[in-house]
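Chemist: Protein chains in written order, with our numbering: chain A, 1 to 113; chain B, 114 to 227.
The beta carbon of each residue, even a glycine, is placed where N, CA and C say it ideally should be.
In this text, all values refer to a predicted model and were calculated from it rather than measured experimentally.
Below you can see the structure in the form of structure tokens.
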């Protein structure tokens, strides 16, 4: 059974810091991994999608890496801003032909001005 | 391009009642998935529809059902509501739901069962 863990559960940093969020999964047989952001009471915003054959993806100040064999992904946020404050979720797709994804519990990030 | 639209945004229902939630996917997307989010269990997969057919189903009781229409809009129904059904229900749309497609989520429907 695929289990996804995110560490730390919560993180508070001052504005301007670079930071790393971690995601680990128990079964390396995944088809892709997606990072999302969720603001309180809102839906999920897709940040980055990494295919299982890829090692990393970048979008602006965000960089996500994937090491499938070790069951790990990291989300790197450069020069953090207060507007980055949100919960960050990673999800792994466990089947090739539908949207059955397993989610971690998320990391709640607070960036202080 | 409009995003994923879920209606209504908020619902309050009484135990024992039934409820129907709606999800309109991004134009051109044919896969719609439903997830339940609670503080205790996090995000859990309910089911996925593609071209009006349920392709996969999570581990939820039969009180949770869904359907998809020819225009890809999807509805989720919960019958005989229980207090534990209180949650944020999210739907995700993607082009095919296949391994190379990105899932986009709506804002969710907050269901409160009293």
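1. Could you name the residues that DSSP lists as bridge partners for residue 179 of chain B?
2. Is the beta carbon of residue 215 of chain B within less than 6 Å of some heavy atom of the ligand COA?
3. If the criterion is Cβ atoms closer than 7 Å, does the pair residue 62 of chain A and residue 44 of chain A meet it?
4. What first and last residue would you give for the beta strand (DSSP E) that runs through residue 168 of chain B?
5. Hey, could you find the ends of the beta strand (DSSP E) residue 108 of chain A is sitting in?
6. Out of B:153, B:146, B:174, which one is the CA nearest neighbour of residue 135 of chain B?
7. For a contact defined as C-beta to C-beta under 7 Å, what are the partners of residue 205 of chain B on chain A?
8. Output the distance between the C-alpha atoms of residue 173 of chain B and residue 190 of chain B, rounded to the nearest integer angstrom.
9. From the DSSP output, which residues share a beta bridge with residue 242 of chain B?
10. Going by beta carbon distance, what residues of the same chain come within less than 6 Å of residue 12 of chain A, once the five residues before and after it are set aside?
Modeler: To lay it out plainly:
1. B:189
2. Questions concerning the ligand COA fall outside what the structure shown contains, since it holds no ligand whatsoever.
3. no
4. 166 to 170
5. 107 to 112
6. B:146
7. 99
8. 12 Å
9. The shown model of chain B, from 114 to 227, leaves out residue 242 of chain B, and the question about it has no answer.
10. 110
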